[in-house]
Amino acid sequence: MDSFKDKSRNIADALRGVFDPTPLQRNAHLSEAYGAEIYLKREDLTPVRSYKIRGAYNAMKNAIEAAKTPPLFVCASAGNHAQGVAFMCKHFGVKGRIFMPVTTPSQKILKTKTFGGDLIEIELIGDYFDETLHAAQSYCTENKAVFLPPFDAPDVIAGQSTVAAEIEQQLGAAPELLVLPVGGGGLAAGVTSYFEDACRYCFVEPAGGACLAAAQLAGKPVALEAVDTFVDGAAVARIGAAPFERLKSYKLETHLQISEDRLCTTLVEMLNIEGVVLEPAGALAVDALKDLKDAIKGKTVVCVTSGGNFDFERLPEVKERAQRYAGLKKYFILRLPQRPGALKDFLGFLGPHDDITRFEYLKKSARNFGTVLIGIETDDAANFAKLHDKLAEAGFQARDITNDETLASFLV
Numbered sequence: 005m006d007s008f009k010d011k012s013r014n015i016a017d018a019l020r021g022v023f024d025p026t027p028l029q030r031n032a033h034l035s036e037a038y039g040a041e042i043y044l045k046r047e048d049l050t051p052v053r054s055y056k057i058r059g060a061y062n063a064m065k066n067a068i069e070a071a072k073t074p075p076l077f078v079c080a081s082a083g084n085h086a087q088g089v090a091f092m093c094k095h096f097g098v099k100g101r102i103f104m105p106v107t108t109p110s111q112k113i114l115k116t117k118t119f120g121g122d123l124i125e126i127e128l129i130g131d132y133f134d135e136t137l138h139a140a141q142s143y144c145t146e147n148k149a150v151f152l153p154p155f156d157a158p159d160v161i162a163g164q165s166t167v168a169a170e171i172e173q174q175l176g177a178a179p180e181l182l183v184l185p186v187g188g189g190g191l192a193a194g195v196t197s198y199f200e201d202a203c204r205y206c207f208v209e210p211a212g213g214a215c216l217a218a219a220q221l222a223g224k225p226v227a228l229e230a231v232d233t234f235v236d237g238a239a240v241a242r243i244g245a246a247p248f249e250r251l252k253s254y255k256l257e258t259h260l261q262i263s264e265d266r267l268c269t270t271l272v273e274m275l276n277i278e279g280v281v282l283e284p285a286g287a288l289a290v291d292a293l294k295d296l297k298d299a300i301k302g303k304t305v306v307c308v309t310s311g312g313n314f315d316f317e318r319l320p321e322v323k324e325r326a327q328r329y330a331g332l333k334k335y336f337i338l339r340l341p342q343r344p345g346a347l348k349d350f351l352g353f354l355g356p357h358d359d360i361t362r363f364e365y366l367k368k369s370a371r372n373f374g375t376v377l378i379g380i381e382t383d384d385a386a387n388f389a390k391l392h393d394k395l396a397e398a399g400f401q402a403r404d405i406t407n408d409e410t411l412a413s414f415l416v
């Protein structure tokens, strides 16, 4: 019987009829910054700009070979999995039905339609993904269709493992450290099943969706009470049972939970410096290097950039969150005296690199003071300490609401 590694290599060979291996690129900028040999496994460069096409290929190929007649394939997804399934429906010439939440951005719907063409139908149902998933599974039961899970299936895990097979061939060996993003766990389960103990691992999750960390703590997959959906490609409430069965033995490996705001600084950095467009989940492994810097000096490190399906309408939000995390942008509630020249006095406190990005009177009826919402952007976080001292000395009251999520959500 073939080993898991042999099966993975065979799947990788078969995938060459669909697309070439994604590049394994040494990144000079990151290598110099961290004093290590940093390679990026560019899964953002597959035909659907994510690794999900691999699992979809293997699961669908096996189902087609096992069926007497080509089955109808069904999936529930608002993103990369849907696009992978749609692409493979067209490749195999089989029909698919893709269930997506009603709230799915039109850009993702259009891309999925483009990949699948006339062979797929898209059904928008449910305000939340759980509702969409239930509808898809019910449809499968009623119509005897084949449901394609995004991560919780052996064939999907085996397909994702081809990432590791390519890394080994391209690098000539296993890296010393593999940095893997984790959502539902299919990619991490596949890669670790291939390399086993040949290298060390770092598993990286968004702080608002750390389902692997929760499962390791509980000893079994558990549902998170709440999930921050900003890192949509890895924002999973419960890790898959099959992936966790393979990952639970790696409890002593490095596990990181990345702040969504800090992740934005890496998205902006990779875009501005390297010209690499990554989605939030695709940047998790690169951002993790900030926490690993002392441990990786002189080592060979591979970061899997898992996807590049970034909607540029999100860029203003990403830039905003990056600036706020770096301390370069703040919002204040300013109590401004209602006297001639008060505003001019305040403007005089600003430094040459301080820009006002938001100015709005919130209350104009007070006799002696007016309340102002003000946003300020600067080029050095230390400038805010100088501004604070000047305001305090002049008797101006300014409340920093930058990190007050409740207040900022209403005002900013």
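Under my numbering, think of the first position of the sequence shown as 5, with each following residue one higher.
Beta carbons: idealized from backbone N, C-alpha and C, even for Gly.
- Distance between Gly-121 and Ser-110, taken at the CA atoms: about 16 Å.
- In the DSSP annotation of this structure, Pro-284 is not part of any beta strand (DSSP E), being labelled neither H nor E.
- In the displayed model, Cys-203 falls within coil according to three-state DSSP, outside both helix and strand.
- One thing to note: Lys-112 has its Cβ within 7 Å of the Cβ of Gly-83.
- Rounded to the nearest whole angstrom, the C-alpha separation of Phe-103 and Val-231 is 21 Å.
- Annotation for Ile-57: the continuous alpha helix (DSSP H) segment containing it runs 56 to 70.
- Considering only Arg-53, Ala-169, Tyr-38, Leu-267, the residue with the shortest C-alpha distance to Asp-10 is Ala-169.
- For the set Pro-210, Ser-142, Ile-171, Ala-222, the Cα lying nearest the Cα of Asp-236 is the one of Pro-210.
- For the pair Ala-396 and Leu-351, the Cα-to-Cα distance works out to about 14 Å.
- At least 7 Å separates the beta-carbon of Ala-285 from that of Phe-248.
- With contacts defined by Cβ atoms closer than 7 Å, Arg-328 and Thr-406 form a contacting pair.
- In this structure, the beta-carbon distance from Ile-129 to Thr-136 falls below 7 Å.
- Where Tyr-335 is concerned, the enclosing beta strand (DSSP E) starts and stops at 333 to 341.
- Taking all protein chains in view, the Cβ of Thr-107 is surrounded by fewer than 16 other Cβ atoms within 10 Å, so the residue is classified as exposed.
- Separation of the CB atoms of Thr-304 and Glu-41 is rounded to 5 Å, and the pair is thereby assigned contact status at 8 Å.
- With a beta-carbon spacing of about 5 Å, Tyr-43 and Val-306 fall inside the 8 Å limit used to define contacts.
- If you compare the alpha carbons of Phe-400, Arg-13, Lys-348, Ile-380 with that of Gln-174, the shortest gap goes to Arg-13.
- If you draw a 10 Å sphere on the C-beta of Leu-256, you find fewer than 16 other C-beta atoms in it, and that means exposed.
- Leaving aside the five residues that flank Thr-375 on each side, the residues in its chain whose CB is nearer than 8 Å to its CB run, in chain order, Ile-337, Leu-338, Arg-339, Leu-340, Tyr-365, Leu-366, Lys-367.
- Between Arg-101 and Lys-148, the alpha-carbon positions lie close to 12 Å from each other.
- In the three-state DSSP reduction, Val-183 falls in the strand class (E or B).
- At a Cβ-Cβ threshold of 7 Å, Ala-192 and Val-183 do not count as neighbours.
- Counting along the chain, Val-272 sits inside the alpha helix (DSSP H) bounded by residues 264 to 273.
- For the 7 Å CB-CB criterion, Gly-188 and Phe-155 form a contact.
- Residue Ala-63 holds the alpha-carbon nearest to the alpha-carbon of Val-78 among Lys-72, Glu-69, Ala-70, Ala-63.
- In the structure shown, the three-state DSSP call for Tyr-143 is helix.
- Distance from Tyr-55 to Leu-19 at the Cβ level is roughly 11 Å; contact not present, criterion being Cβ atoms closer than 8 Å.
- Closest in alpha carbon position to Asn-276, among Leu-319, Asp-131, Pro-153, Val-98, is Leu-319.
- Inter-residue distance for Ile-300 and Val-167 is about 22 Å (C-alpha atoms, whole angstroms).
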